[in-house]
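Please read the structure below before turning to the comments.
In my numbering, the protein residues as written are 158 to 785.
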């Protein structure tokens, strides 16, 4: 065998980048039980099959009541309620069934005996009630693709009815120790021999990353035998590591064999130890020659083999940390305990902004969607908006900084966009989005606000709330709003006039939501008073929550988009077309994330995925309108 005398001296970062760019690694799909999915990476987006809770449930121990029967109760004139007639005792998690629509905490109930209690204040509809779909709504995206599954994600997946999760398959990594001096057992050690230890280290490292380590017995310095073993290993594995034989000695065959069987991308890197590293490809599979010295071996594995294995696993391998962030709104805390709040994070300008997420202790999706946990120490009353808060990251800071922050109106399209790019989306309604953007707490605000005087969408609100500031409206989609009703429309709901009927219960959106503005506009045109509508005061934060309420029978109808009705298998009574657009600051138009966002919403992939849901148009999608 002719001796190899040349070794390159390629910069480490350049060598790694060159190698990863050469490899065509896409990963394989595998299905695993949810209970065994911890640490795996989702191969594709995962959507809920069921809602959680699947029924209206008590959020406190206490008594279930009809809220309308408690009107008039005051401390100076307590109201007496009779068990079985006016209330029933209920525990946390128990279903709330008609006619009851509210829970009074047991601590606020004065028990008088003989099945009688007194209350000192009235309850309101859905007080201390976890409404259907409060945590998870069927068809909602629970996890995006390429998401490493954490312990809190398991709870959300199971609550959403997911028994099996599509994940990246574990890559099989073949490990070949070489050298006639290498022996496998301690009993074989003699003068001039070395016990094989590196291959066991590699196997452990591979398996700690989530791969499968496939160790072969040590191979002697025989060109043809080693050749046959390499071909076998390439056939049986996704990645092959060859330990020792990477230098330029007379029996260092590895580089010549890789060159004969495939391609040597790099031989020799500018690092010490580890200079003779070989980065090769055989049959489009990574084959890495690793020096024999233990320190060199570990360093080369960490720098070159690890990122290859992680690519197969769909895992970016980042390390999380604790950071300081600016809180976007006032937080009140008791002085008694250290409090932990779930927050979404985004790099907006030179500030890391923390936005508290809504949801009680039982809302697992708020933990899944959280980027970090904000810490309010004991004996601290809370924080004012603009204060600094310590945040324990649940996602890599690099990922957070490379994320487009959206705060505003809800639509299912935001889930689709979130699966096509790094997007943090908080649903607080159109007006909430405008105010967040005004305070520079987000990059983008989805809005659909109807001007009741002109019938025009969005423009007048932008001029009102951003005087003298150059803003850009990115035209989004046209969507159909209407009344979501049960299959077959058993209540024969045809328009706003039907909402005042005694047999119709309505599910409303929260104040500040564009859908709520549209409803109020239509009620005004019809001369209908909100107080005449049963359920008007019941506020839900998403279209899917409204659809879920209709599906499960806690409401007869609610205003929402066609795609939400379709997703739940419900019927739909059209009311109006509207513009669902995206507002940004003019200076943000050149941001890479915004450019990527515009590219996505103009893409055929996006339009095809949205079209499948029904109820959308794309006449001006991606068009830029300057407003100043």
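Using N, Cα and C, we set each Cβ at its ideal position, and we do this for glycine too.
In this structure residue 681 is exposed. Its beta-carbon is surrounded by fewer than 16 other beta-carbon atoms within 10 angstroms. Under the Cβ criterion (8 Å, minimum of three pairs), the region 749 to 767 does not count as touching the region 644 to 654.
Non-local C-beta neighbours of residue 204 in its own chain, meaning closer than 7 Å and more than five positions away in sequence, comprise 296, 297, 298, 299, ordered along the chain. Contact between the region 414 to 431 and the region 384 to 395 is present: three or more C-beta pairs spanning the two stretches fall below 8 Å. Around the beta carbon of residue 456, a 10 Å sphere encloses 16 or more other beta carbons of the protein chains shown; the residue is thus reported as buried. Ranked by how close their Cα comes to the Cα of residue 190, the residues 318, 241, 267, 226 have 318 in first place. Exclusion of the five residues before and after residue 683 leaves 653, 654 as the residues of its chain whose Cβ lies within less than 7 Å of its Cβ. Residue 365: member of the alpha helix (DSSP H) spanning 355 to 366, first to last residue. Cβ neighbours of residue 780 within its own chain (closer than 8 Å, five residues either side excluded): 631, 632.
For residue 583, the three-state secondary structure derived from DSSP is strand. Rounded to whole angstroms, the gap between the alpha carbons of residue 397 and residue 180 is 13 Å. A direct Cα-to-Cα measurement between residue 412 and residue 400 gives close to 12 Å. Taking each of 352, 708, 488, 746 in turn and checking the Cα distance to residue 514, the smallest one comes out for 488. Counting only residues of its own chain and dropping the five nearest sequence neighbours on each side, residue 247 has a CB closer than 7 Å to the CB of 215, 219, 220, 221, 260.
Nearest to residue 197 by C-alpha distance, out of 177, 165, 307, is 307. Classified as buried, residue 291 has 16 or more neighbouring CB atoms from the shown chains inside 10 Å of its CB. For residue 400, the enclosing beta strand (DSSP E) starts and ends at 396 to 400. Within the region 658 to 697, the complete alpha helix (DSSP H) runs of at least 4 residues fall at 671 to 683. Excluding the 5 residues flanking it on each side, residue 206 has same chain C-beta neighbours closer than 7 Å at 295, 317, 318, 319, in chain order. Taken in chain order, the whole beta strand (DSSP E) runs of length 3 or more contained in the region 563 to 642 are 580 to 584, 601 to 604, 628 to 642. By alpha-carbon distance to residue 711, the top candidate from 717, 718, 703 is 703.
With the rule of 3 Cβ pairs closer than 8 Å, the region 602 to 612 counts as touching the region 556 to 574. Under the Cβ criterion (8 Å, minimum of three pairs), the region 361 to 376 counts as touching the region 457 to 470. Between residue 636 and residue 772, the C-beta gap is smaller than 8 Å, which places the two residues in contact.
When only Cα atoms are considered, residue 229 and residue 505 end up about 48 Å apart. Going by beta carbons, residue 663 and residue 612 fall outside the 8 Å limit. Residue 273 is not a Cβ neighbour of residue 245, given a cutoff of 8 Å.
In the structure shown, the three-state DSSP call for residue 553 is coil. Straight-line spacing of the CA atoms in residue 582 and residue 563 works out to 5 Å. Taking residue 544 as reference, the option from 618, 532, 550, 271 with the minimal CA-CA separation is 532. Residue pairing by DSSP places residue 196 in no beta bridge whatsoever.
Residue burial annotation: residue 443 is buried, with at least 16 other C-beta atoms found within 10 angstroms of its C-beta. Note on residue 353: 16 or more other CB atoms within 10 angstroms of its CB, so buried under the neighbour-count rule. Put simply, the backbone Cα of residue 462 is about 34 Å away from that of residue 756. Beta-bridge partners assigned by DSSP to residue 214: 252, 287.
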